[in-house]
Each structure stands twice: as C-alpha cells, then as structure tokens.
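Remarks on the structure that follows.
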Amino acid sequence: MPDLSAFILSYNEAENVGPLMDSLKGVRDVVVLDNGSDDGTQDLFKKRGARVIDGSRIGKYQATEQDVAIFRERFGFDPSFTAGELFDNAGERRNHAAGLCKNDWLVNPDCDERPEWDLPKVKAQMNGQQGLMHRYVFKHNPDGTPLLQLAQCKLYNRKQGKYTGWIHEVLVNKNNGEALNTPYTPDFTLHHYRKERDYRSTHLKQLQFQVVKADTVRNLHYLGRELADLKKYEESLAVYSRYFKTGQDFPQQACQAFLVQALCFRNLDRLPEAIEACHRAMIVDDSRRDPFFHLGQIYMELNQFKKALIYFKAAHAIPFNPKAYTSDTRLYTWGTHDKLSVCYQRLGMLDVARMHWLEALKYLPEGAEGDRILMNGKYMVKKIDERQET
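Here's what the structure looks like:
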C-alpha cells in the first residue's frame, strides 16, 4: 500500500492551520510552501510537524505595458492590473512543492479546505492508478450540508501528473498534457470553507493576467464568471464572446459558460438572448438540472407559467449525479419542488401544487427563502380550504 504526502500553498493562513492539520491526521509528511506570511502561519505549521519552505520567490512574474495592451486589444476594455505588478503562477508553485515531498502519492488541499476520508480505504485504492477523483464540496448551507458540489481530483501520483495553469490550475498527464485517468472514490470528500476576505480585486487581476499569458477556453471561462459575479455584465459578455470563438471546451464547462452568459443577458434585460443561451446550455449538456431550471425562472418572470412548468418538469426528471461537474443541491432538494408548486398554484392546480410544496418543506432552507416558501404554502392552503367550502 503506497504512502501519502500532503503539500500546501500558504499565505497568512494562521486561522486555518489547526483545522487543516487536524483533517490531515494520518499523513506523516506535510510540506508547506509559504508565500511570505507575516501572521505566524509558518511557526504554527512547524509546531504541527510540517516542513515549511520559503516560496516567496517561486513562480513570480511581473506584468508589463505590453501585457496591458494585449488585454485591451483582445477585450475592448482596460484590465484591473497595471504594469509592474507581480503575479503568481500557481501551477508552477504547486509542482515545485510536489517535488519536495517524500512520497509519490500526494494530496493537495488549500488552506481553507478540509479532507474528510477513510484514509486506509483511500490508500488501498491508489495502487496502479494515476489519481483518484473525489467529491468536492465548494459551498455549504448554514447547517453544514453541501450546497454546491462537484467531482474533482486533488489526490494523484506525481510520476503521472502535474499541475498546469496560473490560477484555477488543473492536473494533467505529465507525459502528454491530457486529462489523468482518475477513477472515482466514494471514501474521500474535500470540503471548502472559504471566508470572505479582501481578495476579490487581486483575484480579478490574477485572472486577467492569466488570459494574457494563456488564452484558453478554461481561463476565459473563469474570467467571464468572475466578472459576472462582480456585476460587470458587459465586460463578462465581451470575454465570453472570445471564449465561444476560441475552440472546443468539454461539455459540462461549456454548459456552465452558457448559463453565466444567460445570467448577464437577464441582468441587462436582453431576455431573448438569455433564453437562447439557456437552450444552448441544454444542448451541450442535458445531464444537469441547471439550464432547464434557469429557463423556467425566466418564463416565470415573464408570467408565462405554462412554459415555465414545462422546463421545471424537465429539470425535475433529471436525477442527481454526485460525479457531475457542478451540482447545486438546492435544485435537487427544495428548489425545483418550490418552483413547481408556484407554477401549479398560478395555473389553478392546487392539489398538485400542495404536493410539491410538501416536498419542498422536507428540505426547507433557512432565511428569507424558507420564509417565502412557508408564506406561499399558507396562501395555497387557504385557497384549498375556500374551494372546499364552496
């Protein structure tokens, strides 16, 4: 049974050291490549038995006036970064850290991630493999249950794989650059617990600098998505215009790109284009509920409840797939039932509406959405009682 090392990239992560090292119990070799922390991160890792390496000069690149000009020419607007700013090549940094480990099999959590695993079972599955795909919970509900999850690989053999990419780096085959052959293990879940910190402006700069250095569909997608999250919808659409002209992407990510494009169109009141983008998302990947659900939402906003019902029913027919690219668990618990309940209610089909409302109650979310669902149910029950009285 092969042994396992862990490597970690860190910068001012003192609050995360203890929980992360606790989650790595059983891994005897832990390497930390630190980027110049000044909050005690390095000492805390050393006290927990990790080998801490100064990585403040590894994978550093300085932006130039030419980089700024290239970005402006490609996208038609100025980047957030300026000439002279330094950026990390995270893929290069991860590969450097991997080379410092004692074992060939490596797990690579970020500081805000926590492995949850049956380590002996996971080790037993590593023999003869290039890596192992596993569940990755990107966001959690307030009660700690998964909100957004996908299948990912952060457990691999360094003789077979390496990282590529400046940010949102990805593992590829060391010999040919293609995807690793990674069977799925149900015995390992990596939980992500990012706290909102003042990082968005530097994150955007990093993404913009990356597309200058590596103008790929993957990098363009992540930049377009970040701009949409920042409500820079016109700029996001400019990036996606180049994305769709650049080349082929794998279907699951292309589907996500169309959905972000649809979000931008919706927020710019360009509904026909939003509808078209949702349809394109369905065509490239019909294995997830998201494009059907979002199209149903658009028709709900237009008060076209018969059309909305068609797409919510189609979404409801798609089963949950834990190995999917991204799974929004709300759509597989209360979300779709809630929308079906509203549509049936508006169409006067109160008994069916009540059935879906009761299903939504089984997964009732906290906060404003839960309050709205409860109020909607009270109104519906009142209407059913009035109908029975007459």
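Each residue of the sequence shown is one higher than the one before, counting from 199 in the working numbering.
All C-beta atoms, glycine included, are put in the ideal place defined by N, C-alpha and C.
Owing to the predicted nature of the structure, the values given are computational and were not obtained by experimental measurement.
Cβ-based burial, residue i [other Cβ within 10 Å; buried from 16]
i, result
"Phe188", "No statement about residue 188 is possible, as the shown extent of the chain runs from 199 to 588 and does not include it."
"Arg226", "exposed"
"Met199", "exposed"
"Val579", "exposed"
"Gly234", "exposed"
"Ile571", "buried"
"Met573", "exposed"
"Gly575", "buried"
"Phe518", "exposed"
"Thr343", "exposed"
"Gln404", "buried"
"Arg515", "According to the sequence as given, residue 515 is Ala; it is not Arg. By the neighbour-count rule (16 or more Cβ atoms within 10 Å), Ala515 is not buried but exposed."
"Ser525", "buried"
"Leu556", "exposed"
"Ala452", "buried"
"Asp569", "exposed"
"Ala248", "buried"
Cα-Cα separation, residue i to residue j
i, j, result
"Glu367", "Cys351", "11 angstroms"
"Phe336", "Ile508", "30 angstroms"
"Ala506", "Leu545", "11 angstroms"
"Trp303", "Val550", "53 angstroms"
"Gly533", "Ser254", "45 angstroms"
"Thr362", "Gly257", "12 angstroms"
"Leu222", "Lys321", "14 angstroms"
"Arg333", "Ala281", "39 angstroms"
"Val370", "Leu378", "5 angstroms"
"Asp385", "Lys560", "27 angstroms"
"His294", "Ala288", "10 angstroms"
"Ala460", "Thr239", "42 angstroms"
"Phe448", "Leu348", "15 angstroms"
"Leu529", "Asp536", "9 angstroms"
"Gly326", "Tyr382", "14 angstroms"
"Asp220", "Tyr523", "28 angstroms"
"Gln495", "Ser203", "46 angstroms"
"Glu424", "Ile582", "45 angstroms"
"Ala512", "Tyr577", "26 angstroms"
"Val230", "Ile251", "6 angstroms"
"Ala426", "Glu584", "45 angstroms"
"Pro318", "Gly224", "9 angstroms"
"Cys299", "Arg312", "20 angstroms"
"Asp265", "Val228", "37 angstroms"
"Glu499", "Leu402", "31 angstroms"
"Arg552", "Ala558", "10 angstroms"
"Val409", "Arg468", "27 angstroms"
"Asp483", "Asn374", "27 angstroms"
"Gly445", "Gln358", "27 angstroms"
"Thr472", "Gln328", "As written in the sequence, residue 472 is Ala, which differs from the Thr given in the question. Roughly 40 angstroms between the two C-alpha positions."
Proximal residues to residue i (C-beta, below 6 angstroms), its chain only, five neighbours per side dropped
i, result
"Asp201", "Asn301"
"Asn339", "Leu345"
"Gln260", "Leu284"
"Glu290", "Gly257"
"Tyr400", "Looking at the sequence itself, residue 400 is Thr, so the reference to Tyr does not match. Taken in chain order, the list of residues that qualify is empty."
"Ile481", "none"
"Leu493", "Cys476, Tyr509"
"Glu271", "none"
"Arg356", "Ala296, Asp302, Leu304"
"Asp316", "Asp385"
"Phe503", "Cys541, Arg544, Leu545"
"Lys360", "Asn293, Lys372"
Contacting residues, own chain, Cβ-Cβ under 7 angstroms from residue i (five flanking each side not counted)
i, result
"Lys411", "Trp364"
"Met324", "Pro200, Trp303, Leu330"
"His554", "His535, Leu538, Ser539, Tyr542"
"Thr531", "Tyr561"
"Cys196", "What the structure shows of the chain is the stretch from 199 to 588, and residue 196 is not part of that stretch, so it cannot be assessed."
Cut-off 8 angstroms between Cβ atoms - residues of its own chain near residue i, not counting five sequence neighbours on either side
i, result
"Phe273", "Glu433, Ala436, Val437, Arg440"
"Glu564", "Asn339, Pro340, Asp341"
"Asn465", "Lys429, Tyr431"
"Gly216", "Leu242, Arg246"
"Asp276", "Val266, Phe269, Arg270"
"Lys244", "Val250"
"Asp236", "Asn210"
"Ser278", "Ser399, Leu402, Lys403, Gln406"
**Message:** Taking 8 angstroms as the cut-off, does the stretch 411-423 touch the stretch 378-393 (at least 3 CB pairs, one atom from each stretch)?
**Reply:** Contact fails: fewer than three Cβ-Cβ distances are below 8 angstroms.
**Message:** Suppose only complete runs of 4+ residues qualify. What are the alpha helix (DSSP H) ranges in the stretch 241-318, listed by chain order?
**Reply:** DSSP runs (the alpha helix (DSSP H)) wholly in the stretch 241-318: 263-273, 288-296.
**Request:** Say whether the stretch 302-316 touches the stretch 201-215, bearing in mind that this needs 3 or more beta-carbon pairs closer than 8 angstroms, one atom from each stretch.
**Result:** Taking a cut-off of 8 angstroms on C-beta distances, the stretch 302-316 touches the stretch 201-215, as three or more cross pairs fall below it.
**Request:** Could you tell me whether the stretch 446-460 touches the stretch 472-490, where touching means 3 or more Cβ pairs closer than 8 angstroms?
**Result:** Taking a cut-off of 8 angstroms for Cβ pairs, the stretch 446-460 and the stretch 472-490 touch, as three or more such pairs fall below it.
**Uninterrupted beta strand (DSSP E) stretches inside the stretch 337-367 (no shorter than 3 residues)** = Listed in chain order, the complete beta strand (DSSP E) runs (minimum 3 residues) inside the stretch 337-367 are 344-355, 359-362.
**Message:** Which complete alpha helix (DSSP H) runs does the stretch 210-236 hold, if anything under 4 residues is left out?
**Reply:** Listed in chain order, the complete alpha helix (DSSP H) runs (minimum 4 residues) inside the stretch 210-236 are 212-221.
**Message:** Which complete alpha helix (DSSP H) runs does the stretch 446-499 hold, if anything under 4 residues is left out?
**Reply:** Whole alpha helix (DSSP H) segments, 4+ residues: 449-465, 469-482, 488-499.
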